[in-house]
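Visitor: Quick note: the sequence shown, position 127, residue 446 per our numbering, numbers continuous. Ideal Cβ placement from N, Cα and C applies to all residues, glycine included.
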Amino acid sequence: MNILLLKARLKLNAAVEYAKSPSGAFAIALLGVALAVYATWFNDKKPSMAYAVALQTPVLSPLAGSDGLTIQLDGRALDVARTPLIALFVRFWNSGDTTFRVSDFDNGFPVGFTIGTGKVLRAEVVAASSEYLRKSLTKVGVEGRKVVVSPSILEPGDSFVVKALILKDEPNTDIKVQPIGKVAGVQTFEEFYPVSAEAPEIIINYRSKSASRVLLILFMVVAAIGVLNFAYALYRKLRSESK
320 MNILLLKARL KLNAAVEYAK SPSGAFAIAL LGVALAVYAT WFNDKKPSMA YAVALQTPVL
380 SPLAGSDGLT IQLDGRALDV ARTPLIALFV RFWNSGDTTF RVSDFDNGFP VGFTIGTGKV
440 LRAEVVAASS EYLRKSLTKV GVEGRKVVVS PSILEPGDSF VVKALILKDE PNTDIKVQPI
500 GKVAGVQTFE EFYPVSAEAP EIIINYRSKS ASRVLLILFM VVAAIGVLNF AYALYRKLRS
560 ESK
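Right, dumping it as structure tokens:
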């Protein structure tokens with residue numbers, strides 16, 4: 320055990336001495352610059368789309384049928400105790416720092432979602448982060464278990480909420496939602512979770528810009544220390560050679 324500790328201590332001392340050398344200081348500075356570039360460009364500037372199941376709630380209580388009420392939708396009588404009518408709210412937003420143009424969306428694979436079971440009766444965009452989106456996102460397509468939204472310009476942080484009226488097949492299970500669509504530069508949709516069902520607009524965003532700024536400052540400090548260390552080590556070397 321003592322031999323292992325001794326070897327570890329020797330390696331640590333060697334690493335410290337290397338960090339003090341001109342080549343080690345240069346390597347640290349280079350690493351800091353690389354991390355700073357990654358944090359500001361490759362990470363923050365990466366296109367990103369996110370979604371969240373903000374809320375799913377019964378339109379009518381299953382007890383309504385037992386009270387002798389008859390529910391009809393589009394001329395069809397519904398048994399809400401066996402096939403509940405559910406309002407599903409799904410939120411999409413541009414979670415990156417790049418703007419999506421209409422041409423960035425693939426018309427063959429439009430943005431939207433599918434549900435695992437049940438049938439989507441109708442859907443619409445009920446909320447948007449800007450007046451432009453409220454006017455442009457008017458076309459919402461429904462086909463069986465699929466809901467798709469017409470493409471629109473999405474600035475960083477822009478969001479919209481799709482409300483779907485769904486007839487469930489299984490009363491005691493939650494509706495499983497799968498995002499669909501192809502957007503330029505986006506490999507997969509990231510999933511975020513609502514803080515509470517009562518506040519569907521409050522979403523946990525783990526890619527906060529404040530966190531990115533903290534990382535940027537940290538990496539720049541590492542780079543600055545590395546540059547200063549390199550300059551000091553080089554100065555000492557030149558001074559010793561001059562003697």
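I need the boundaries of the alpha helix (DSSP H) containing S455, first residue and last residue.
Guide: From DSSP, the alpha helix (DSSP H) with S455 extends over E450 to S455.
Visitor: Identify, in the order they occur along the chain, each residue of the same chain with its Cβ nearer than 8 Å to the Cβ of I472, setting aside the five sequence neighbours on each side.
Guide: These residues qualify, in order along the chain: T418, F419, R420, V421, Y451 and S455.
Visitor: Are the Cβ atoms of L404 and V445 separated by less than 9 Å?
Guide: No, Cβ-Cβ distance for L404 and V445 is not below 9 Å.
Visitor: Round the Cβ separation of G500 and R464 to the nearest angstrom and send it over; I've been treating them as touching at under 8 Å.
Guide: Not confirmed; about 15 Å, so no contact.
Visitor: Helix, strand or coil for S414 per DSSP?
Guide: Coil, per DSSP.
Visitor: Expressed to the nearest angstrom, what Euclidean distance is found between the alpha-carbon atoms of F424 and R555?
Guide: Roughly 58 Å between the two C-alpha positions.
Visitor: Out of L557, V459 and G431, which has the shortest C-alpha to C-alpha gap to Q497?
Guide: Residue G431 is the option with its Cα nearest to Q497.
Visitor: For A369, does the three-state DSSP call read helix, strand or coil?
Guide: A369 falls in the strand class under three-state DSSP.
Visitor: What do you reckon, are the CB atoms on A406 and K482 nearer than 9 Å?
Guide: A contact, by the Cβ cut-off of 9 Å.
Visitor: Kindly indicate which residue of R558, E510, A550 and A503 has the alpha-carbon position closest to the one of P577.
Guide: Past the boundaries of the shown model lies residue 577; the chain is included only from 320 to 562, so the question cannot be answered.
Visitor: Assign R410 to one of two classes, buried (16 or more other C-beta atoms within 10 Å of its C-beta) or exposed (fewer than that).
Guide: Result: buried.
Visitor: Taking Cβ positions, are V461 and P429 nearer each other than 9 Å?
Guide: No.
Visitor: Take P490 and list the residues in its own chain whose beta-carbon comes closer than 6 Å to its own, dropping the five residues that flank it on each side.
Guide: Closer than 6 Å at Cβ, skipping near neighbours: P403.
Visitor: Give every residue of the same chain whose Cβ lies closer than 6 Å to the Cβ of I485, excluding the five residues on either side of it in the sequence, and list them in chain order.
Guide: Closer than 6 Å at the Cβ level, and outside the excluded window around I485, lie I405, L407, G437 and V439.
Visitor: Residues in its own chain within less than 6 Å of S515 by CB, not counting five upstream and five downstream?
Guide: Residue placement at S515 is flagged as unreliable, the pLDDT there being 48, under the threshold of 50; the coordinate-derived value follows with that caveat. None.
Visitor: Can you name the residues that DSSP bridges to I499?
Guide: Note: I499 sits in a beta bridge opposite G431.
Visitor: Assuming P475 and G415 form a contact by the criterion Cβ under 8 Å, report the distance between their Cβ atoms to the nearest whole angstrom.
Guide: The Cβ separation is near 6 Å, so the contact holds.
Visitor: May I ask you to list the residues that DSSP assigns as paired with R441?
Guide: R441 is bridged to L484.
Visitor: At the level of alpha carbons, what is the spacing between T507 and N413?
Guide: Distance between the alpha carbons of T507 and N413: 13 Å.
Visitor: Could you check the C-alpha separation between T457 and Q375 for me, to the nearest Å?
Guide: Spanning the two alpha carbons is a distance of roughly 22 Å.
Visitor: Shortest alpha-carbon distance to D477 belongs to which of A442, S448 and I494?
Guide: Answer by Cα proximity: S448.
Visitor: Report whether the distance from the Cβ of F419 to the nearest heavy atom of the ligand ADP is below 8 Å.
Guide: Although the ligand ADP was asked about, the structure shown includes no ligands whatsoever.
Visitor: Per the DSSP calculation, T376 is bridged to which residue(s)?
Guide: Note: T376 sits in a beta bridge opposite A406.
Visitor: State the start and end residues of the unbroken beta strand (DSSP E) segment that holds E462.
Guide: Its beta strand (DSSP E) spans residues V459 to E462.
Visitor: In whole angstroms, what separates the C-alpha of P470 from that of A442?
Guide: Near 16 Å, if we compare the C-alpha coordinates of A442 and P470.
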